[in-house]
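K.L.:
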Amino acid sequence: MIPYGRQDISQADIDAVVEVLRSDYLTQGPMVPRFEQALAAYCGVRHGIAVNSATSALHIACKALGLGPGDWLWTSPVTFVASANCALYCGAQVDFVDIDARTGNLSVQALEQKLEEARRTGRLPKVVVPVHLSGQPCEMEPIRSLGEKYGFQIIEDASHAVGGRYRGEPIGNCRYSDITVFSFHPVKIITTAEGGMAMTQDAGLAASMSLLRSHGITRDPGQMTHEPDGPWYYQQVQLGYNYRMTELQAALGLSQMHRIDDYVARRHAIADRYDRLLAGLPLTMPWRQPDGYSGLHLYVVRLHLGGSTRRHREVFEAMRARGIGVNLHYIPVHTQPFYRGLGFAAGDYPEAERYYTEAMSLPMFPALTDAGQDEVVAALGEALAS
Ligand SMILES: *Cc1c(COP(=O)(O)O)cnc(C)c1O
Numbered sequence: 069m070i071p072y073g074r075q076d077i078s079q080a081d082i083d084a085v086v087e088v089l090r091s092d093y094l095t096q097g098p099m100v101p102r103f104e105q106a107l108a109a110y111c112g113v114r115h116g117i118a119v120n121s122a123t124s125a126l127h128i129a130c131k132a133l134g135l136g137p138g139d140w141l142w143t144s145p146v147t148f149v150a151s152a153n154c155a156l157y158c159g160a161q162v163d164f165v166d167i168d169a170r171t172g173n174l175s176v177q178a179l180e181q182k183l184e185e186a187r188r189t190g191r192l193p194k195v196v197v198p199v200h201l202s203g204q205p206c207e208m209e210p211i212r213s214l215g216e217k218y219g220f221q222i223i224e225d226a227s228h229a230v231g232g233r234y235r236g237e238p239i240g241n242c243r244y245s246d247i248t249v250f251s252f253h254p255v256k257i258i259t260t261a262e263g264g265m266a267m268t269q270d271a272g273l274a275a276s277m278s279l280l281r282s283h284g285i286t287r288d289p290g291q292m293t294h295e296p297d298g299p300w301y302y303q304q305v306q307l308g309y310n311y312r313m314t315e316l317q318a319a320l321g322l323s324q325m326h327r328i329d330d331y332v333a334r335r336h337a338i339a340d341r342y343d344r345l346l347a348g349l350p351l352t353m354p355w356r357q358p359d360g361y362s363g364l365h366l367y368v369v370r371l372h373l374g375g376s377t378r379r380h381r382e383v384f385e386a387m388r389a390r391g392i393g394v395n396l397h398y399i400p401v402h403t404q405p406f407y408r409g410l411g412f413a414a415g416d417y418p419e420a421e422r423y424y425t426e427a428m429s430l431p432m433f434p435a436l437t438d439a440g441q442d443e444v445v446a447a448l449g450e451a452l453a454s
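Letter 209 of the sequence shown, counting from 1, is numbered 277 in our numbering, and no numbers are missing.
#1: Kindly indicate the opening and closing residues of the alpha helix (DSSP H) around tyrosine 110.
#2: Give me the Cα-Cα distance between isoleucine 167 and aspartate 343, rounded to the nearest whole angstrom.
#3: For ligand 1, enumerate in chain order all residues having a CB closer than 6 Å to any of its heavy atoms.
#4: Could you spell out the range, first to last residue, of the alpha helix (DSSP H) harbouring glutamine 441?
#5: Is the stretch 281-297 close to the stretch 339-356, with three or more CB pairs under 8 Å?
#6: For glutamine 221, report the span of its beta strand (DSSP E) as first-last.
#7: Mind checking which residues open and close the beta strand (DSSP E) that includes threonine 314?
#8: Let me check understanding here. Comparing Cα to Cα, which of Ile257, Tyr302, Gly308 and Ala271 lies closest to leucine 279?
#9: By how many angstroms is the C-alpha of valine 176 removed from the C-alpha of glycine 80?
#10: Please report the Cβ distance between glutamine 317 and alanine 274, rounded to the nearest whole angstrom; I am assuming they are in contact, meaning their Cβ atoms lie under 8 Å.
#11: The beta strand (DSSP E) that contains isoleucine 247, what's its start and end?
#12: Between the C-alpha atoms of cysteine 206 and arginine 335, what's the straight-line distance to the nearest angstrom?
#13: DSSP on glutamate 295, reduced to helix/strand/coil?
#14: The alpha helix (DSSP H) that contains glycine 116, what's its start and end?
#15: Which same chain residues end up closer than 7 Å to glycine 393 when comparing Cβ atoms and leaving out the 5 residues on each side of it in sequence?
#16: Please determine, among Met208, Val368, Leu201 and Gly138, the residue with the shortest C-alpha to C-alpha distance to serine 144.
#17: How far does the beta strand (DSSP E) with valine 255 in it extend, from its first residue to its last?
#18: Are the beta-carbon atoms belonging to leucine 156 and isoleucine 211 less than 9 Å from one another?
#19: For valine 100, which of Asp83, Asn120 and Val113 has the nearest alpha-carbon?
#20: Could you say which of Leu107, Glu426 and Ile239 lies nearest to glycine 374 if we only look at CA atoms?
#21: Going by other Cβ atoms of all chains shown within 10 Å of its Cβ, with 16 needed for buried, is alanine 439 buried or exposed?
#22: What does the alpha-carbon distance come out to for the pair tyrosine 110 and histidine 127?
#23: So, valine 291 versus histidine 115, is the Cβ gap smaller than 9 Å?
#24: Quick one: what's got a C-beta closer than 6 Å to threonine 248's C-beta in the same chain, skipping five residues either side?
#25: Label lysine 182 either buried or exposed according to how many other C-beta atoms from any shown protein chain fall within 10 Å of its C-beta, with 16 as the threshold for buried.
#26: Closest by CA to histidine 402, which one among Arg388, Glu419 and Met387?
#27: Can you round the beta-carbon distance between leucine 452 and methionine 428 to whole angstroms, since I take them to be within the 8 Å contact cut?
#28: Around the Cβ of threonine 314, are there at least 16 other Cβ atoms within 10 angstroms (buried) or fewer (exposed)?
#29: Going by DSSP, name the residue or residues bridged to leucine 141.
#30: I need the straight-line Cα distance from glutamine 357 to glutamine 204, nearest angstrom please.
#31: Would you mind giving the Cβ-Cβ distance between leucine 320 and threonine 259, rounded to the nearest angstrom? I have them listed as a contact below 8 Å.
#32: Hey, out of Gly391, Tyr423, Ser276 and Gly231, whose CA is closest to leucine 56's CA?
#33: Looking at ligand 3, does it come within less than 8 Å of tryptophan 300, judged from the CB to the closest heavy atom?
#34: Please report how far the alpha carbon of aspartate 139 lies from the alpha carbon of serine 276, in whole angstroms.
#35: Can you tell me whether isoleucine 128 is helix, strand or coil according to DSSP?
#36: Over the uninterrupted alpha helix (DSSP H) stretch that includes alanine 275, give me the two end residues.
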């Protein structure tokens, strides 16, 4: 089976993890801060808060921004469920903004229209979560302008996008957002097995997220209500969680980090080759924004099947039967049973739903060979012709 995504582990990665296993600290040692500082420096941002998943990062990001009961968070329906669930963890409510058919990202035009309506009905969002689908940056500059006009804060869900750039600058620098979140799940650009990081320029948000990551406990006398009782002393000053990343994970992440640029360059070479090999097939290849450099976590084609969901399914089945692990990113979140239970219904976001009837993620990972890619293209050609 050729999977749609797969980690790349080098001997240096293995050595880095083994070295931690032999060291004094498996958690709360020196590797986590080293990984945080290295990735923050790479992104050109002041703070990085490493956690055990991007889902946790989204949760503490929402908390740090003060999202709570009575508040709204808006995101794209074409994303992993975590981008929306984070609001519900905080007791806030979720709403969605339909996608731009060309990029699959949240549509700035739809966002603006919805904001205008929400202003009239008094339901403006406190937080908007643009998701850089496939690694392609959202139009952050206009989204930030809308944030200033309508008073919302921004968390970039950049789970697909580490190593990408927007207008020449690294994604994660938070020029147009309050917080940017990365995921290091094995299918993503770099991995720590499980893991994530929240980047921010704001020292207050960084301090708040650090507290939330570890039970709301501080050992910093400056954050305590009185002088420490003694050298053992700590205070719990908030209700936090155990969302810590281990030293093993941080060592792996730090080692992987040295290859981010190579990984993303390799993904671009694979995408360029797909673009050439797929020309002529009845499908739309992924659009690449001229002002962005995608992380290219995914290579999503849209099949031209005259709207037939049966044909869509048959093409998937044919590909899987030939050992090509194609996938679908994503099932629109609002159509999930849990979200239907909150009142969402089919038809709410037509562009997202149309995307779902056409999209297919082809294998995309650094170790994908030309021969493997040829096999994918041949299988797809046959599946579409049959
Ligand atoms: C993978 C992913 C997440 C969640 O990441 P975890 O690290 O697995 O929690 C969130 N949002 C998007 C868009 C993702 O692709």
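Even for Gly, the Cβ is constructed at its ideal location relative to N, Cα and C. Computed from a predicted model, the values in this text were never measured in an experiment.
P.N.:
Based on what the coordinates show:
#1: Its alpha helix (DSSP H) spans residues 99-111.
#2: 23 Å
#3: Ser121, Ala122, Thr123, Thr147, Phe148, Ala150, Ser151, Val199, Asp225, Ser227, His228, Ser251, His253 and Gly264
#4: 438-453
#5: no
#6: Secondary structure note for glutamine 221: its beta strand (DSSP E) is the uninterrupted segment 221-225.
#7: Where threonine 314 is concerned, there is no enclosing beta strand (DSSP E), given that its DSSP letter is neither H nor E.
#8: Leucine 279 has its Cα closest to that of Gly308, out of Ile257, Tyr302, Gly308 and Ala271.
#9: For the sequence presented, residue 80 should be read as alanine rather than glycine. Cα-Cα distance, rounded: 42 Å.
#10: The Cβ separation is near 20 Å, so there is no contact.
#11: 247-251
#12: A direct Cα-to-Cα measurement between cysteine 206 and arginine 335 gives close to 19 Å.
#13: coil
#14: Under the DSSP assignment, glycine 116 falls outside any alpha helix (DSSP H), being part of the beta strand (DSSP E) whose first and last residues are 115-119.
#15: Met69, Ile70, Pro71, Tyr72 and Pro431
#16: Minimum Cα distance to serine 144 is reached at Leu201.
#17: Here valine 255 belongs to no beta strand (DSSP E), and DSSP marks it neither H nor E.
#18: no
#19: Asn120
#20: Selected option, being the one with the closest Cα: Glu426.
#21: exposed
#22: Roughly 24 Å separates the two Cα atoms.
#23: Just to set this straight, residue 291 is glutamine in the shown sequence, not valine. Going by C-beta atoms, glutamine 291 is not nearer than 9 Å to histidine 115.
#24: Glu224, Ala226, Gly240, Cys242 and Met267
#25: buried
#26: Glu419
#27: Their Cβ separation, rounded to whole angstroms, is 10 Å, which puts leucine 452 and methionine 428 out of contact at 8 Å.
#28: buried
#29: Val162 and Val195
#30: 7 Å
#31: 7 Å
#32: Since the first and last residues shown for the chain are 69 and 454, residue 56 lies out of range.
#33: For the structure depicted, ligand 3 is absent and the ligand set comprises only ligand 1.
#34: Answer to the nearest angstrom: the Cα atoms are 19 Å apart.
#35: helix
#36: 271-281
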